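My numbering puts the first residue of the sequence shown at 2, with every later residue one more than the last.
We put the beta carbon where it would ideally sit given N, CA and C, even for glycine.
Note that the structure is predicted; figures quoted are calculated from it, not measured.
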Amino acid sequence: MYMKIFDEVVSILHKDYAGCLDKKGCDNPDFYRNEIKKISKQENKNDDKFVDIVQDYLLDFKDLHMGFKYDDKLKQNNFDVGFTVRRYKDSLYVLSNGKEDRVKPGYAITALDEKNVSDLVKFHKRRLMETDAERENWSSILPLYKSMQGIDEFGNSFTLELEKYEKETFQPEYSLKEITEDTLYLKLTDFTNHDAISNLINENDTLLTNRKKLIIDVRVNKGGSDLAYFELLPYLFEGEEIDLNSFGEGSMLTNATTRNVELQTESLKSALSSIEDATTLNQINILIKVLEDNKDKGFVELDLSEMEGSLLLKTKLGPEKIILLTDVYCGSSGDSFVEICKKSSKITVIGRSTLGLNDYANIAVMGWENKFELWYPTSKLSIVDEGKGMSGVGIKPDIYIPWSPDHIKEDIDLKKALELLVKV
């Protein structure tokens with residue numbers, strides 16, 4: 002079973018994946034086939050090891066939009082160490098502690114299993130995929146170790162055994178509140194729930210129209226669908242209308258293989274039942290038809306001219322000055338949102354660069370045995386061929402604020418945003 006699934010994964014990466022031409026020859030599947038043969042000979046099934054092997058194979062493609070994991074319904078991949086970290090120089094600093102109450106935000110982890118952080122960075126270079134400490138993601142690395150050594154808030158050294166906890170369920174937040182007499186604070190942690198975001202914007206039309214200043218926080222934004230933020234854009238731009246068609250650099254090329262079209266249309270059709278907005282429903286139906294018309298045509302630029310009317314938005318009276326807070330935890334549709342917002346003369350982006358996932362996007366999900374799933378992109382930006390992609394770079398802010406452990410003690414980004422708005 003393992004080998005059959007892996008061979009199909011390799012076939013998808015070589016034929017259906019949006020980067021199949023750009024990254025041809027980057028992988029070594031035979032090495033991983035030998036690893037799978039070893040676990041296949043064992044008497045007991047070793048699903049965890051198989052997932053690890055395939056995920057390690059995917060690292061060769063250096064694409065953060067790709068992953069192999071258990072089906073979410075199984076909850077076999079829903080464990081972590083109970084806290085999150087971010088690297089600064091030669092230490093990992095605890096950002097938040099969920100179920101692990103033996104550490105607190107601000108604790109500095111100096112080693113894992115007695116291996117110092119600088120050595121760990123070198124050892125896990127392939128998995129980290131980043132050159133800047135503040136952009137590294139250690140969430141998949143921490144569970145590989147048994148113990149951690151560090152320093153608490155009083156300067157005392159400690160050693161703790163690492164435990165595994167069931168991951169806390171992500172709780173989306175779409176909120177708008179007044180933080181000063183003339184300033185609003187809007188937080189959007191993803192662009193998944195079209196209706197919730199639409200309702201938030203419509204219910205607060207008066208506030209958005211009458212307040213002069215706005216801070217939008219997408220420092221954590223797990224993406225979703227670009228369509229989910231379209232109703233917000235009219236408040237963010239000057240002029241009479243926003244032509245979203247004019248913002249894109251290059252074109253989007255879709256690898257319209259039979260597999261990709263079938264997986265994408267199936268996903269889009271299942272989404273229809275949870276969406277009430279008529280415009281969004283119409284756009285999805287148009288996309289389904291265009292995908293089906295291009296089935297088995299390889300890389301094509303989809304003709305979405307029927308949707309062009311929905312990409313021309315009339316502006317509304319909105320805040321005069323807007324600060325957009327960003328960070329590396331903002332990706333996919335979050336990347337797109339920040340990229341569009343940078344086109345507005347009213348908006349200043351501050352913080353750190355976004356994750357930069359959209360060189361290869363529009364995820365398809367292939368499943369096996371109701372147990373394993375491969376997530377992979379099916380489209381790419383043409384500018385990737387010109388060396389202008391965003392992978393490893395993200396969308397850069399107008400004002401860069403380096404991350405440091407001081408961010409754990411106070412919201413330095415928000416403080417800077419308020420200072421900038423006062424100067425207006």
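Element boundaries [alpha helix (DSSP H), containing residue i]
i: Leu422; result: 413 to 423
i: Met2; result: Per DSSP, Met2 belongs to no alpha helix (DSSP H) and is neither H nor E.
i: Lys270; result: 259 to 273
i: Tyr236; result: Counting along the chain, Tyr236 falls outside any alpha helix (DSSP H), and DSSP gives it neither H nor E.
i: Val118; result: 118 to 124
i: Asn200; result: 195 to 204
i: Ser41; result: 30 to 41
Opposing strand residues paired with residue i [DSSP bridges]
i: Gly151; result: Ile110, Phe159
i: Glu137; result: For Glu137, which the question treats as bridged, DSSP gives no partner whatsoever.
i: Asp81; result: Tyr166
i: Lys178; result: Tyr186
i: Tyr401; result: Gly352
i: Gly395; result: DSSP lists no partner for Gly395.
i: Asn47; result: According to DSSP, Asn47 bridges with nothing at all.
Contact belief for residue i with residue j at Cβ below 8 Å, rounded distance in angstroms
i: Ile351; j: Lys397; result: 11 Å between Cβ atoms; not a contact.
i: Ile180; j: Leu237; result: Ile180 to Leu237, Cβ: 18 Å. No contact.
i: Glu321; j: Lys410; result: Rounded, the Cβ-Cβ distance is 32 Å, inconsistent with contact.
i: Thr259; j: Asp297; result: 5 Å
i: Glu174; j: Lys188; result: 5 Å
i: Tyr377; j: Met67; result: 5 Å
i: Asp114; j: Tyr146; result: 5 Å
i: Arg220; j: Leu326; result: 5 Å
Cβ pair residue i, residue j closer than 8 Å
i: Val82; j: Val95; result: no
i: Tyr108; j: Gly156; result: no
i: Ser334; j: Val394; result: no
i: Asp1; j: Phe62; result: With the chain covering only 2 through 425, there is no way to say anything about residue 1.
i: Ser383; j: Ala362; result: no
i: Thr111; j: Val118; result: yes
i: Tyr143; j: Leu163; result: One detail in the question is off: residue 143 reads as Leu in this sequence, not Tyr. A contact, by the Cβ cut-off of 8 Å.
i: Ile40; j: Phe7; result: no
i: Arg87; j: Trp369; result: no
Residue i - containing beta strand (DSSP E), residue span
i: Asp244; result: 242 to 244
i: Gly335; result: Run containing Gly335: none in the beta strand (DSSP E); it sits in the alpha helix (DSSP H), 334 to 342.
i: Tyr361; result: 361 to 369
i: Thr280; result: First-last for Thr280: 279 to 294, but that is the alpha helix (DSSP H), not the beta strand (DSSP E).
i: Leu326; result: 322 to 327
i: Ser97; result: 92 to 98
i: Val301; result: 299 to 301
i: Ser380; result: 373 to 382
i: Tyr71; result: 68 to 71
i: Pro218; result: Per the sequence presented here, residue 218 reads as Asp, with Pro not at that position. Note, Asp218: beta strand (DSSP E), 214 to 218.
i: Lys315; result: 313 to 315
Query raised in the report: Are at least three pairs of beta-carbons, each pair with one atom in the region 241 to 258 and one in the region 330 to 339, less than 8 Å apart?
Result: Touching, no, given that fewer than three Cβ pairs across the two stretches are closer than 8 Å.
**Report entry** Contact between the region 54 to 68 and the region 23 to 41 (3+ Cβ pairs under 8 Å)
**Finding:** Output reads yes: the region 23 to 41 touches the region 54 to 68.
Report task. Could you say if the region 255 to 274 and the region 385 to 395 meet the contact criterion of at least three C-beta pairs nearer than 8 Å? Result -> Segments in contact, no.
Query - Cβ contact check for the region 224 to 240 and the region 196 to 210: 3 or more pairs under 8 Å - result: Contact between the region 224 to 240 and the region 196 to 210 is present, because at least three Cβ pairs lie under 8 Å.
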